[in-house]
Amino acid sequence: MKISKICCIGAGYVGGPTMAVIAQKCPEIKVTVVDINEARIAAWNDENLDNLPVYEPGLDKVVGEARGRNLFFSTQVDAAIQEAEMVFISVNTPTKTYGEGKGQAADLKWIELCARQIAAASDSDKIVVEKSTLPVRTAEAVKDILSNTGNGVKFQILSNPEFLAEGTAVEDLQQADRVLIGGENSPEGKEAIQALVDIYAHWIPRERILTTNVWSSELSKLTANAVLAQRVSSINALSELCEVTEADIDEVARAIGADSRIGGKFLKASVGFGGSCFQKDILNLVYISRSYGLTEVADYWEQVIKMNDHQKGRFARKIVKSLYNTVSGKKIAFLGWAFKKDTNDTRESAAIYVADQLLNEKAQISVFDPKVKYQQIQSDINYLQTRGKEENGALLESVADPYEACKDSHAVAILTEWDEFVQYDWKKIYDSMLKPAKIFDGRNILDHEQLREIGFRVYAIGKPLE
Ligand SMILES: NC(=O)c1ccc[n+]([C@@H]2O[C@H](COP(=O)([O-])OP(=O)(O)OC[C@H]3O[C@@H](n4cnc5c(N)ncnc54)[C@H](O)[C@@H]3O)[C@@H](O)[C@H]2O)c1
């Protein structure tokens with residue numbers, strides 16, 4: 004089966020970059036990315052590639068190459084579904100905020116809506132690909148909806164979870180460690196799997212394209228995120244121990260990471276992980292385990308989240324404590340708001356929770372982030388509903404210049420590991436701050452020795468104080 008037209012529902016952080024790379028690598032396939040969010044589609048179609056709604060290094064080039072040739076962004080969802088032989092579902096699957104499973108289970112409202120829309124709009128057989136991260140056995144529900152509300156049309160469901168990391172999405176897509184495709188073990192299932200394998204085989208070596216049953220594929224995505232997050236929580240747990248024993252977490256990480264059985268990646272201690280996926284996917288895993296009565300399994304993975312919350316909380320408490328137990332009316336500069344460098348995504352960013360705790364203490368926070376705008380910062384903090392919008396607006400500002408953010412502050416906190424922070428003129432920043440000037444390096448990226456020579460008091464994660 005040869006695919007000539009693809010539709011992708013959801014033009015977000017996954018749908019946009021993933022489809023842009025498929026279109027770049029498969030010029031003979033027409034790829035249409037659709038979304039109900041008109042502003043987002045307009046931004047994807049913006050002449051000026053600096054205005055794309057997702058910031059990822061190299062994405063502007065890929066979109067610039069394929070857009071208008073075989074890559075299209077549109078709000079015409081039904082038309083795109085109708086003409087495609089393969090439909091990707093790449094909509095959001097956030098944690099439920101209401102009802103049964105509130106705070107843990109994935110909210111599958113948008114997935115179900117997509118399935119119903121695909122069923123209603125289709126008048127020819129289609130392969131439906133789950134690109135969104137979904138609880139294990141979701142394909143069963145999708146299949147049930149498709150086969151009971153369709154127009155006699157046949158659907159094959161594949162699971163093809165996305166493993167890209169924001170900040171390196173284009174590179175991850177172009178040189179994926181592996182691509183995972185789960186499908187039914189029937190002749191039609193195998194044919195559908197092959198059709199998707201053929202697409203990825205345009206640029207991914209065949210041995211890196213793994214095929215499994217649908218349930219293994221769905222569960223592998225959740226567990227990949229759980230295991231990655233677990234490494235972060237493990238190293239962060241050890242960072243607290245380092246601070247009281249005068250061991251140095253970077254030295255410990257280097258020492259354990261040199262063991263080839265452990266490996267060096269994802270052992271960087273920090274203020275805590277963020278992003279839209281880790282927490283949501285682990286909570287989902289916890290919920291599923293608990294719903295099967297596996298209490299110990301659920302408790303085990305839940306601890307990864309608890310450790311992360313603790314790490315964010317103790318970073319904020321450390322700032323308050325070192326500023327003589329009061330930050331009321333004191334200016335604190337935040338460098339970074341995005342959940343990691345090289346992305347404009349702020350979902351679940353540690354910065355939001357650290358800020359919220361400091362705002363409870365009536366601190367005045369001034370934020371600088373190279374890619375995040377004021378509106379987003381306000382919307383993130385207002386979303387928590389800890390206090391009114393007016394109060395948030397009065398206590399939390401964002402400025403376009405990092406030196407302006409730091410001027411007259413009592414402390415600077417590094418919340419995102421943007422490379423440019425390392426290059427700043429730290430002497431100039433020191434001179435403009437109130438004394439004693441303090442730095443809280445939540446990402447351990449700065450040269451602490453040099454900062455101490457300038458006169459700063461430096462607090463880092465998992466490091467002795469002096
Ligand atoms: N962000 C990541 O790094 C990442 C990585 C791997 C997997 N995932 C998974 O991919 C999925 C999408 O994540 P994201 O970060 O791209 O989300 P996102 O919120 O950035 O994008 C989802 C888009 O889907 C659109 N949408 C929702 N319902 C729709 C409908 N019925 N019709 C048309 N459009 C609709 C929304 O308007 C939104 O623009 C999630 O399941 C997530 O867990 C995300």
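Position one of the sequence shown corresponds to residue 4 (this note's numbering), numbered consecutively onward. Even glycine gets a Cβ: it sits at the ideal position worked out from N, Cα and C. All values derive from a computational prediction rather than experimental measurement.
Residue i in three-state terms, based on DSSP
i, result
"Y16", "coil"
"K324", "helix"
"E364", "coil"
"L244", "helix"
"Y203", "helix"
"R390", "coil"
"Q120", "helix"
"R257", "helix"
"F166", "coil"
"R293", "helix"
"R455", "helix"
"K193", "helix"
"P208", "coil"
"S7", "coil"
Ligand 1 heavy atom lying under 7 Å from the CB of residue i
i, result
"L176", "no"
"I148", "no"
"D81", "no"
"Q379", "no"
"S223", "no"
"W113", "yes"
"S352", "no"
"C11", "no"
"R43", "yes"
"Y203", "no"
"V139", "no"
"N40", "yes"
"T152", "no"
"A14", "yes"
"Q107", "no"
"S279", "yes"
"L286", "no"
"L326", "no"
"N95", "yes"
"C245", "no"
"L62", "no"
"G267", "no"
Opposing strand residues paired with residue i [DSSP bridges]
i, result
"E400", "S369"
"T98", "A109"
"L183", "L213"
"I417", "L338, D444"
"I92", "I12, E133"
"I464", "According to DSSP, which records beta bridges pairwise, I464 is partnered with nothing at all."
"I160", "V131"
"S77", "V37"
"R70", "L74"
Same chain, Cβ closer than 7 Å to residue i, neighbours up to 5 away in sequence not counted
i, result
"Y433", "A440, I457, G458, F459"
"A463", "D444, N447, H451"
"W340", "T349, S352, A354, V370, D372, V375, I380, L418, T419"
"P405", "L338, F371, Y427"
"L222", "V139"
"W421", "G339, K344, P373"
"S94", "One detail in the question is off: residue 94 reads as Val in this sequence, not Ser. Once the five neighbours on either side are set aside, the close Cβ partners of V94 are I12, G13, W113, I114, C117, S135."
Proximal residues to residue i (C-beta, below 6 Å), its chain only, five neighbours per side dropped
i, result
"G277", "F342, E351, S352, A353"
"D81", "A124"
"T78", "E41, I44"
"C10", "T35, A83, I84, A87, V90"
"P467", "E249"
"T215", "G185"
"N48", "F76"
"K33", "K8, N73"
"A408", "A336, S369, F371, V402"
Residues near residue i in its chain [Cβ-Cβ closer than 8 Å; skip 5 each side]
i, result
"V425", "I448, L449, D450"
"D63", "L52, D53, L55"
"A261", "G267"
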